[in-house]
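In the working numbering, the protein residues as written are 5 to 752. Positions of the beta carbon are idealized from the N, C-alpha and C atoms, including for glycine. Nothing here was measured: the structure is a model prediction, and the numbers come from that model. To start, the structure itself, in structure tokens.
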Amino acid sequence: MIQKRTYSSLYLMSFTTVIFMIVLFTLSCKKDKELKGEQIPFKVDSYYPNSGNEGTLVTILGTGFDTKAENISITFSGQQADVIAVHEDKIIVRAPKEGKSGMIQMKSGSNHSDVGSYKYQQLSLKEIFPTNGSAGSHIRIMGEGFSSISSPAAVLINGKEAIVVSVSDTVLVVEVPENAGTGPVQVKVNGFESTGPVFHYQTITAIRPLTGGKGTRVTITGSGFAAEIAGNTIDFNGKPAAVISAKENEIVVIAPEGVESGPVSLTINKQRTSGPDFTVVPLPTIEFVSPLSGPGGIEMVIKGLTFSPEKEENKVSINGVIVPLTSATNNELKLIIPGNTGSGEIRVSVNDQEVTGPKFFDQSLGIKSMTPDNGLSGTEVTLTGTGFSSNPSGNIVTFNNVAATILSATETKITVKAPANVLTGNLKVKVGNLEATAPKPFRRAGVLTLVGGPGSTNVDLSTNGSIVVDASGNVFAIENTKNRVLKISASGQVSVFAGSSGGQSGLQNGMGTEARFRFENFGSLTIDKNQNLYVADYGNQLIRKISPQGLVSTFMTGVGNVFAMTTDAAGNIYAMRGTQNAMRMTPQGGLSSLNVSSRNYTHRPAFDQEGNLYMSPDDFEVYISKYPYRADGTIPQPPVKHWAGNPAETGYADGIGRQVKFTWLRGMQVADQKLFILDSDNAFNISIRQANLQTGEVVTVMKSVRGYQDGNLDVARFISLQDLAIDKEGVLYILDNWNNAIRKVYIK
5 MIQKRTYSSL YLMSFTTVIF MIVLFTLSCK KDKELKGEQI PFKVDSYYPN
55 SGNEGTLVTI LGTGFDTKAE NISITFSGQQ ADVIAVHEDK IIVRAPKEGK
105 SGMIQMKSGS NHSDVGSYKY QQLSLKEIFP TNGSAGSHIR IMGEGFSSIS
155 SPAAVLINGK EAIVVSVSDT VLVVEVPENA GTGPVQVKVN GFESTGPVFH
205 YQTITAIRPL TGGKGTRVTI TGSGFAAEIA GNTIDFNGKP AAVISAKENE
255 IVVIAPEGVE SGPVSLTINK QRTSGPDFTV VPLPTIEFVS PLSGPGGIEM
305 VIKGLTFSPE KEENKVSING VIVPLTSATN NELKLIIPGN TGSGEIRVSV
355 NDQEVTGPKF FDQSLGIKSM TPDNGLSGTE VTLTGTGFSS NPSGNIVTFN
405 NVAATILSAT ETKITVKAPA NVLTGNLKVK VGNLEATAPK PFRRAGVLTL
455 VGGPGSTNVD LSTNGSIVVD ASGNVFAIEN TKNRVLKISA SGQVSVFAGS
505 SGGQSGLQNG MGTEARFRFE NFGSLTIDKN QNLYVADYGN QLIRKISPQG
555 LVSTFMTGVG NVFAMTTDAA GNIYAMRGTQ NAMRMTPQGG LSSLNVSSRN
605 YTHRPAFDQE GNLYMSPDDF EVYISKYPYR ADGTIPQPPV KHWAGNPAET
655 GYADGIGRQV KFTWLRGMQV ADQKLFILDS DNAFNISIRQ ANLQTGEVVT
705 VMKSVRGYQD GNLDVARFIS LQDLAIDKEG VLYILDNWNN AIRKVYIK
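Structure follows, in structure tokens:
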């Protein structure tokens, strides 16, 4: 029988068909090589079995054999053997009758070689099936003389002992040991030995890269691979992949369409081996490139997402010219601009996943950095780069196409003042005929005090309190200590909108200052889409309504002590009552109890446009829960309890879910599909955060140290962040109790 490593389908073919195909293939290959003038070297690689009875078929493997039978001579200890089949890489002979143990010698044309010794004995290993496999797989060993009454047969694969699963005189079944490696199979019985064909140990030791997506070129290393491309079948978590090259220890494949995270597996002759997991990651993204223009020899920094920390897994090109990296992390790539690339697109490819970034201009003028990158009119901004004019008048700097005043200039640094009415947009420098754009837009962002401040006497906002903003940009604030509601115009003018001008408490409806409230330091506000205010009159345990004209009436009785309020998109009002169940009030005056409460008494929860509620259930375990919308207005349990924040750990960290750390949650509001969050302990962590409602990712809008200062987001200072309102332009209004102020925060 002829043993050959082939596809599983060939096992169904007849012996004659197999021989015929091999002969045709051999002749074809030889003819090709002859046409090319190549000489295949003569070499004997291996043979099997090395023992057996007379008549046993012995296979000799190698290269460069003469394909004419009359030119082949094989002897066993000097006795001529019958040649059964001749191929360029294989010869099959029959052990001669009445032969003697000894050396097998071969003559092929003018070439001579010792093949190896052959022992005449009962024990003979003739073939194995399959000829390849991984650790733990079973192989069948066919031959003679395997049984013994004195001791069981021992089997070695590449010199490593295998576990014998079953045995008969002609068939052994063994389990391939770990790390067997590729080598001959050997059987030992009763002091005799017989060596058979080579077993190809199939294992995947590594894949590189471990991450990527459709089209990623993946190199698989290991052993026992088929040297022909067609002999290897690779799949990524079950999806077949195209093999583009193959060697016995390395295969290169392309990740397929629809690839999913999971193991990379190899199948050869129906023997399957699984390797490490390949993880599908999003395409890389380019968020920032600095500079966008400049000469050779300066550093370029590319920031983004889903880069590889392995430098060789990233490729960066400028105008089609590949540029070597100097360093790489998951979110930053660095390189030295080579110069003379020409102007063109910046492209980043991570494991064959390519994205296109901004255009780079190969020129002497470039902007490397802009500090700060946000501010309001009058903010001083410092630009660093190359190719600036040292004469201030030789530079033109614009913010969103509006010219700015240049304060000073050198060839590498310019200081400018942001123009009046500055808006978010590109910052550009023009010198002569050259123009350069800053790595990212300058953002109109910063903090201005609308009203109050340390030492101010026109308002008293120092105790708890609550604020809302109407469609006209007027801010309404609870002045707890004086039991009244203030109106602050967009220009900062203060008036008493409802309640006693003198600060008297009581219970009385009426127009404006005729009305009386009893806040007892816990009054709170919300507003509906018709600009009606709803006031939690804590001391009187009522909800009061104030019309846009200032008419105060009683909206709801029997609500108990209400610490905070919010409104959903449908105009329903929600009253938070601490550890007691919250109350839901419809615009028509309906009242119902909700199975939700919070020990974080004074924080304001928020609803998104879909009716989902976001709130902080606890003041000790600091996290945000999401309560899904219910059409009947009830809040179901359980919610998405830890939607953002870690109940076991307070602090300051952005991220998703439990990665996020908060210190003390205050007010919350929804705008532009984002949840804005006040997180402040009034001491060490004073920050405004925002959460993406789709992904749940929390990022920092600004972080402040304790103090009082207006300015861009990098220098502004707060002490306390008590409540939050957002106007239709996206401007945030912050109630800063301990600075006795309402602050406006511009973020776009």
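Let me know if residue i comes out buried or exposed under the rule of 16 or more other beta-carbons within 10 Å of its beta-carbon.
| i | result |
| --- | --- |
| PRO45 | exposed |
| PRO376 | buried |
| ARG693 | buried |
| THR223 | exposed |
| THR590 | exposed |
| MET569 | buried |
| LYS732 | exposed |
| LYS390 | Reading off the sequence shown, one finds Thr at residue 390, where the question assumed Lys. Buried is the call here. |
| LEU617 | buried |
| SER32 | Because SER32 sits at a pLDDT of 47, beneath the cut-off of 50, its placement in the model cannot be relied upon, and the following sentence gives the value as read from the coordinates. Result: exposed. |
| PRO201 | buried |
| LYS40 | In this prediction, LYS40 scores a pLDDT of 46, lower than 50, which makes its location untrustworthy; no coordinate-derived value is stated. |
| ILE153 | exposed |
| GLU614 | exposed |
| GLY593 | exposed |
| ASN465 | Before going on, a small fix: residue 465 reads as Leu here, not Asn. Buried, since its Cβ has 16 or more Cβ neighbours within 10 Å. |
With distances taken between CB atoms, is the gap from residue i to residue j smaller than 8 Å?
| i | j | result |
| --- | --- | --- |
| ALA99 | THR60 | yes |
| PHE392 | VAL433 | yes |
| ALA745 | VAL455 | yes |
| SER172 | SER151 | yes |
| PRO396 | SER373 | no |
| VAL566 | SER509 | no |
| PRO267 | LYS243 | no |
| THR667 | VAL626 | yes |
| SER138 | THR283 | no |
| ASN318 | VAL352 | yes |
| GLY106 | SER121 | yes |
| PRO342 | ILE350 | no |
| MET110 | VAL48 | yes |
| GLY503 | ASN478 | no |
| GLU102 | GLN126 | no |
| VAL359 | PRO445 | no |
Among the options, which has the Cα closest to the Cα of residue i?
| i | options | result |
| --- | --- | --- |
| GLY671 | TYR605, GLY200, LEU339 and GLU148 | TYR605 |
| LEU380 | ALA408, GLY361, GLU358 and LYS372 | ALA408 |
| GLY235 | ILE224, LYS72, ASN241 and ALA250 | ALA250 |
| LEU296 | VAL556, THR441, GLY562 and ASN585 | THR441 |
| ASN585 | GLU165, ASN599, SER691 and ASN576 | ASN599 |
| GLU165 | GLN190, ASN544, ASP239 and ILE418 | GLN190 |
| PRO300 | PHE364, ALA657 and MET619 | Here the sequence assigns Gly to residue 300, which means Pro is not the residue at that position. Of the candidates PHE364, ALA657 and MET619, the one whose C-alpha sits nearest the C-alpha of GLY300 is PHE364. |
| LYS665 | ASP676, ASP685, VAL674 and ALA675 | ASP685 |
| GLY279 | PRO286, THR390 and ILE255 | ILE255 |
| ASP676 | ARG447, TYR656, LEU697 and ARG221 | LEU697 |
| ILE482 | GLY734, GLU524 and SER50 | GLU524 |
| ALA89 | ALA73, SER77 and LYS104 | ALA73 |
| LEU369 | GLY398, PRO156 and GLU614 | GLY398 |
| ARG608 | ILE492, ILE322, ASP683 and LYS707 | ASP683 |
| THR453 | ASN75, SER155, ALA158 and ASP740 | ASP740 |
| VAL406 | GLU303, VAL420 and GLN83 | VAL420 |
| GLY217 | ASN323, SER265, VAL177 and LYS274 | SER265 |
Provide the residue(s) that pair with residue i in DSSP beta bridges, ordered along the chain.
| i | result |
| --- | --- |
| ILE341 | DSSP output for ILE341 lists no bridge partner at all. |
| SER412 | THR419 |
| ILE661 | Note that residue 661 corresponds to Gly in the displayed sequence, not to Ile. Its beta-bridge partners are ALA648. |
| ASN115 | SER112 |
| PRO267 | ASP281 |
| GLY298 | ASP366 |
| ALA250 | ILE255 |
Measure the beta-carbon distance from residue i to residue j and round it to whole angstroms, keeping in mind my assumption that it falls under 8 Å.
| i | j | result |
| --- | --- | --- |
| PHE526 | ASN468 | 6 Å |
| SER227 | THR186 | 6 Å |
| SER597 | GLY582 | With a Cβ gap of about 14 Å, SER597 and GLY582 do not count as contacting. |
| THR199 | ASN54 | 5 Å |
| VAL4 | ILE161 | This structure does not reach residue 4, given that the chain is present from 5 up to 752, and the question cannot be answered. |
| PHE501 | GLY554 | 6 Å |
| LEU725 | ILE738 | 6 Å |
| VAL320 | ILE306 | 7 Å |
| ASN213 | SER312 | It is Pro, not Asn, that sits at residue 213 in the sequence shown. Rounded, the Cβ-Cβ distance is 7 Å, consistent with contact. |
Could you check whether the Cβ of residue i sits closer than 8 Å to any Cβ belonging to chain B?
| i | result |
| --- | --- |
| PHE365 | The chain inventory of the structure shown lacks chain B, comprising one protein chain alone. |
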